[in-house]
Amino acid sequence: MQDALLEVRDLKVEFKRDRKSWITAVSGVSFSIHAGEIVGLVGESGCGKSVTSLAVMRLLSKDTSRTSGSVVMDGRSILELSDREMRDARGNDFSMIFQEPMSSLNPIMRIGEQLAEALRLHNDLSREEIHARSVEALRLVGIPEPEVTLRNYPHELSGGMCQRVMIAMAMSCEPKLLIADEPTTALDVTIQAQILALMERIRAERNTGILLITHDLGVVAETCSRVIVMYAGGIVEEAPVEELFERPRHPYTKGLIASVPRLGRRVHRLPSIPGSVPDLAAMPAGCRFAPRCPMARPACEAKVPALVQVGEGHRCACPYAAAGASVEYAAGIGGLADGAGAADATVAASVVAGDVSAQDAKGVPTHE
Numbered sequence: 001m002q003d004a005l006l007e008v009r010d011l012k013v014e015f016k017r018d019r020k021s022w023i024t025a026v027s028g029v030s031f032s033i034h035a036g037e038i039v040g041l042v043g044e045s046g047c048g049k050s051v052t053s054l055a056v057m058r059l060l061s062k063d064t065s066r067t068s069g070s071v072v073m074d075g076r077s078i079l080e081l082s083d084r085e086m087r088d089a090r091g092n093d094f095s096m097i098f099q100e101p102m103s104s105l106n107p108i109m110r111i112g113e114q115l116a117e118a119l120r121l122h123n124d125l126s127r128e129e130i131h132a133r134s135v136e137a138l139r140l141v142g143i144p145e146p147e148v149t150l151r152n153y154p155h156e157l158s159g160g161m162c163q164r165v166m167i168a169m170a171m172s173c174e175p176k177l178l179i180a181d182e183p184t185t186a187l188d189v190t191i192q193a194q195i196l197a198l199m200e201r202i203r204a205e206r207n208t209g210i211l212l213i214t215h216d217l218g219v220v221a222e223t224c225s226r227v228i229v230m231y232a233g234g235i236v237e238e239a240p241v242e243e244l245f246e247r248p249r250h251p252y253t254k255g256l257i258a259s260v261p262r263l264g265r266r267v268h269r270l271p272s273i274p275g276s277v278p279d280l281a282a283m284p285a286g287c288r289f290a291p292r293c294p295m296a297r298p299a300c301e302a303k304v305p306a307l308v309q310v311g312e313g314h315r316c317a318c319p320y321a322a323a324g325a326s327v328e329y330a331a332g333i334g335g336l337a338d339g340a341g342a343a344d345a346t347v348a349a350s351v352v353a354g355d356v357s358a359q360d361a362k363g364v365p366t367h368e
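If you're matching positions, the sequence shown starts at 1 in the numbering used here and goes up one per residue.
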C-alpha cells in the first residue's frame, strides 16, 4: 500500500465559549486519504464534517479556536507550518471547494480576474501564461467557450456553472488533494450528476485524492470508494463503500441508511433516529450516541468507545455492534433486526446521474 497523501491523527478542535472555557467540536478524529481515491465524509448537520475540513486547511481563526493532533500532508506537518508556508501549501498542495458557489465567488470581479488572482498567488507566471492556464482550467471542468466565460461576472452564470468555476479555481494550481464541502448543494440532480462525474474524471486523470463532504448517501454510493461516518464530533464508523451499505455495524450508521426511501416499498412514515444530536456544551460522558441508541447499555454511558477493526478496512466505535449484536428501531418504520443489517439497511434510491438508481440483490445502489 502506498503512503497516505493525507494522514490525520487524533484531531481535536475547540472553540472559545468565553474567556475561561472552551467547547470541543471535534475530538479524536483519525483518517487517511491516498492519491487517486475519493473518500466520503458523512453525517448529520453539526456533526463536525466542515470543522474537520477547515482544521485540515488551517482556515479556523486562531483567536476563537484551537486545534491539536497531527495533520500530515505528503510528509509535511501542516499544523507546524508558518503562515507563509501554509499560504503556499493551499492551492499548490491542497485546495477546497466550498458550499454555495454563488456566495464564494466575488460578485464584482470577472471570472478571469478571480482565476488569475489564484494563479498569481501561487505561481510566478506572465500575463499570457495566466490567461492560458485560466482557459485550460475552465476547459478541464467542461465549460464551453472558456474565453467568453472569463469575461463573465458570477451573476451571469448558473449555479452549476459557478460550481464548475469554483472547481476550476481549486484545480488551477494542480493540487494533490481536493477537499469538496457539499459541492452539489442546491443543484438539481442533472447538474449534480455532472459535477460528480467531473470530480471522478479529475481523480482518474490527475490521480488527485479527494475528500468529499456530504450528507447525501446517494452521492457517496455513486462516487466514493471509502466512507467515514461522523457523529457529534467523532468518527463512529469507516468502511469501503459497498461494505458499509451491505454490512453497516454502528447503530447510527444503520439508522442513517434506513432513513433513505427504498424503491418498491411503500411506507407511511420513513424510519428515523429518535432524539437529537447532543449539545456540544453538554456532551454525554460515554458514547455520544447512547441517548438515542436502541441498543444502549449501562456500560455505554461510562466511556467513549474506541474505533475497533471489524473487517478489512472496516472500523466501528461500538463494541456490541462489532460483536454482532442486532439493532432495532421503532416498530412500524422498517426496523433493523438482522445481525448484519444488510438489505433492510441499505440505500434505496440515489437520485444521481440524472435519474433514480435501482438496487442490486444486496441493496447496493446500481446505475444503468
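Idealized CB from N, CA, C, for every residue including glycine.
Asked	Found
Backbone CA spacing between Gly-255 and Thr-149 [nearest angstrom]	44 Å
Beta-bridge pairing of Ser-70 - partner residues as DSSP gives them	Arg-9
Closest Cα partner of Cys-272 within the set Ala-258, Asn-106 and Ala-25	Checking the sequence, you will find Ser at residue 272 rather than Cys. Measuring from the Cα of Ser-272, the nearest candidate turns out to be Ala-258.
For Ala-25, the three-state DSSP class (helix, strand or coil)	strand
Thr-184, buried or exposed, once every other Cβ within 10 Å from all chains shown has been counted against 16	buried
Rounded separation between Met-199 and Ile-167 - CA only	9 Å
Cβ contact check for the region 272-283 and the region 215-230: 3 or more pairs under 8 Å	no
Cut-off 8 Å between Cβ atoms - residues of its own chain near Ile-195, not counting five sequence neighbours on either side	Gly-160, Gln-163, Arg-164, Ile-167, Pro-183, Thr-184 and Leu-187
Contacts around Ala-306, its chain only, beta-carbon distance under 8 Å, and the 5 residues preceding and following it disregarded	Ala-317
Selected residue, minimal CA-CA separation from Leu-14, among Val-8, Glu-7, Leu-6 and Ile-23	The sequence shown places Glu at residue 14, not Leu. The option with the nearest alpha carbon to Glu-14 is Ile-23.
Buried versus exposed call for Pro-298 [16 or more other C-beta atoms within 10 Å across all chains shown]	exposed
Ile-108 CB to nearest heavy atom of the ligand FAD below 7 Å	Here there are no bound small molecules, and the ligand FAD is not part of this structure.
Pro-248, buried or exposed, once every other Cβ within 10 Å from all chains shown has been counted against 16	buried
Segment limits, beta strand (DSSP E) that includes Cys-316	314-316
Burial state of Leu-177, where buried means 16 or more other Cβ atoms lie within 10 Å	buried
Bridge-paired residues (DSSP) for Tyr-231	Gly-234
Beta-bridge pairing of Leu-178 - partner residues as DSSP gives them	Ser-95 and Ile-210
Boundaries (first-last residue) of the beta strand (DSSP E) holding Leu-244	That residue, Leu-244, is in no beta strand (DSSP E); its alpha helix (DSSP H) goes 241-246.
DSSP-derived helix/strand/coil call for Asp-3	coil
Span of the beta strand (DSSP E), counted from its first residue to its last, around Val-310	308-311
Gly-40: first and last residue of the uninterrupted beta strand (DSSP E) it sits in	38-42
Distance CB(Gln-99)-CB(Asp-181) smaller than 8 Å	yes
Among Gly-234, Arg-120, Thr-64 and Glu-222, the one whose alpha carbon lies nearest that of Val-189	Glu-222
C-alpha distance - Arg-9 paired with Val-42, whole-angstrom precision	18 Å
Residue environment, Arg-127, which counts as buried when at least 16 other CB atoms sit within 10 Å	exposed
Start and end residues, alpha helix (DSSP H) containing His-370	Coverage of the chain is limited to positions 1 through 368, which leaves residue 370 absent and any answer about it impossible.
Closest by C-alpha distance to Ser-65, when choosing among Val-26, Arg-292 and Arg-315	Val-26
Inter-residue Cα distance where the pair is Gly-48 and Pro-261	25 Å
Range of the contiguous alpha helix (DSSP H) that encloses Val-56	49-56
Outcome for Ser-134 when other beta-carbon atoms lying within 10 angstroms are tallied against a minimum of 16	buried
Span of the alpha helix (DSSP H), counted from its first residue to its last, around His-131	127-140
Per-residue DSSP class, three states only, for Ile-381	Since the first residue shown for the chain is 1 and the last is 368, residue 381 is missing from the structure and cannot be characterised.
Arg-315 versus Glu-145 - alpha carbon distance	46 Å
Status (buried if at least 16 other CB within 10 Å, exposed otherwise) for Pro-175	buried
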